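*Asks:* Quick one: this structure, given as structure tokens, is what I'll be asking you about.
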Amino acid sequence: MSQKDYISDNLITMRDRLRESTAAIREAAEQKKTQEEPQSTARPIPVAENVPDRRMAEGLRAKQDLAGRLARDLAKVCGILSSKEQQIRELQQVRDALQTLEKNLDQITPAGSAGLFAAETDRLRLEYFRICGALEALTANTAAGTGREAQQEESRKDKTMLTAAWIIGGTILAGAILIAAVTAKIFL
Numbered sequence: 024m025s026q027k028d029y030i031s032d033n034l035i036t037m038r039d040r041l042r043e044s045t046a047a048i049r050e051a052a053e054q055k056k057t058q059e060e061p062q063s064t065a066r067p068i069p070v071a072e073n074v075p076d077r078r079m080a081e082g083l084r085a086k087q088d089l090a091g092r093l094a095r096d097l098a099k100v101c102g103i104l105s106s107k108e109q110q111i112r113e114l115q116q117v118r119d120a121l122q123t124l125e126k127n128l129d130q131i132t133p134a135g136s137a138g139l140f141a142a143e144t145d146r147l148r149l150e151y152f153r154i155c156g157a158l159e160a161l162t163a164n165t166a167a168g169t170g171r172e173a174q175q176e177e178s179r180k181d182k183t184m185l186t187a188a189w190i191i192g193g194t195i196l197a198g199a200i201l202i203a204a205v206t207a208k209i210f211l
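Here the sequence shown is numbered in this note's numbering, starting from 24 and rising by one per residue.
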């Protein structure tokens with residue numbers, strides 16, 4: 024008996040055993056169904072109707088993804104709002120300081136001594152310059168966001184132009200080398 028026949032006989036035997044075992048499993052499952060379901064007229068659910076379970080899983084994944092994105096963006100917005108609220112409070116303080124400075128300026132008059140009037144005016148001017156410095160710092164912080172975005176856009180444009188220049192330069196160099204090679208071949 025050759026090895027080829029031996030393998031094929033074993034395979035045939037295994038196939039027969041599998042058929043018998045699957046038939047026995049099917050019969051047991053059918054008997055169990057008939058015992059559990061007393062003659063129901065409902066038709067069996069095809070595989071295509073099991074889609075709600077898969078759609079449910081997809082829906083849950085989509086919901087979790089959306090919840091994560093919402094939480095991230097909500098935290099981002101809350102952070103921006105708190106920084107903007109801080110900027111608003113600081114701007115209100117600057118406004119109050121400027122209004123106080125204006126009231127103080129209205130109260131001083133040159134009726135008293137000239138030296139006292141000049142000293143008080145200089146003190147108010149120094150106070151004004153200090154407040155304007157704070158105001159400039161605040162407005163520079165708020166304008167920095169748009170300025171940074173503009174700088175990034177300008178940087179992207181510069182990189183694009185530099186890349187285009189390199190490509191054009193490489194093409195011109197390759198053309199010059201090709202022309203030189205052809206010219207050398209013709210004249211040599």
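Glycine included, every Cβ here is placed at the ideal spot set by N, Cα and C.
Here the structure is a predicted model, which means the values were calculated and not measured.
Glutamine 116: which of Lys99, Arg78 and Ala157 sits nearest, CA to CA?
*Replies:* Sequence index remark: in the sequence shown, residue 116 carries index 93 (1-based). Out of Lys99, Arg78 and Ala157, Ala157 has the C-alpha closest to the C-alpha of glutamine 116.
*Asks:* Put glycine 82 into one of helix, strand or coil per three-state DSSP.
*Replies:* By 1-based counting over the sequence shown, the position of residue 82 is 59. DSSP places glycine 82 in helix when its eight states are reduced to three.
*Asks:* Less than 8 angstroms between the C-beta atoms of isoleucine 154 and leucine 121, yes or no?
*Replies:* On the sequence shown, position 131 is the one that residue 154 refers to. On the sequence shown, position 98 is the one that residue 121 refers to. Their beta carbons are under 8 angstroms apart, which means isoleucine 154 touches leucine 121 by this criterion.
*Asks:* Which of helix, strand or coil does DSSP assign to glycine 135?
*Replies:* The sequence position of residue 135 within the sequence shown is 112, counting from 1. Of the three classes helix, strand and coil, the one that applies to glycine 135 here is coil, per DSSP.
*Asks:* Are the CB atoms of glutamate 150 and leucine 124 within a distance shorter than 8 angstroms?
*Replies:* Residue mapping note: residue 124 aligns to position 101 of the sequence shown, counting from 1. Residue mapping note: residue 150 aligns to position 127 of the sequence shown, counting from 1. Against a cut-off of 8 angstroms, the Cβ pair of glutamate 150 and leucine 124 comes out as a contact.
*Asks:* Alpha carbon to alpha carbon, how far is threonine 186 from leucine 196?
*Replies:* On the sequence shown, residue 186 is found 163 positions in, with the first residue counted as 1. On the sequence shown, residue 196 is found 173 positions in, with the first residue counted as 1. If you take the alpha carbons of threonine 186 and leucine 196, they lie about 15 angstroms apart.
*Asks:* What is the C-beta distance between glutamine 109 and leucine 161, in whole angstroms, given that I count them as a contact (C-beta under 8 angstroms)?
*Replies:* If you number the sequence shown from 1, residue 109 lands on position 86. If you number the sequence shown from 1, residue 161 lands on position 138. Between the beta-carbon of glutamine 109 and that of leucine 161 there is about 10 angstroms, and that puts the pair past the 8 angstroms contact cut.
*Asks:* Rounded to whole angstroms, what's the CA-CA distance from alanine 207 to isoleucine 191? Just pull it up for me.
*Replies:* What you label residue 207 is simply residue 184 of the sequence shown in a count that begins at 1. What you label residue 191 is simply residue 168 of the sequence shown in a count that begins at 1. Taking the straight line joining both Cα atoms gives about 24 angstroms.
*Asks:* Just checking my contact of leucine 147 with leucine 128 at CB under 8 angstroms: how many whole Å lie between their CB atoms?
*Replies:* Translated into the one-based positions of the sequence shown, residue 147 becomes position 124. Translated into the one-based positions of the sequence shown, residue 128 becomes position 105. Between leucine 147 and leucine 128 a beta carbon distance of about 6 angstroms is seen, short of the 8 angstroms cut, so the two are scored as contacting.
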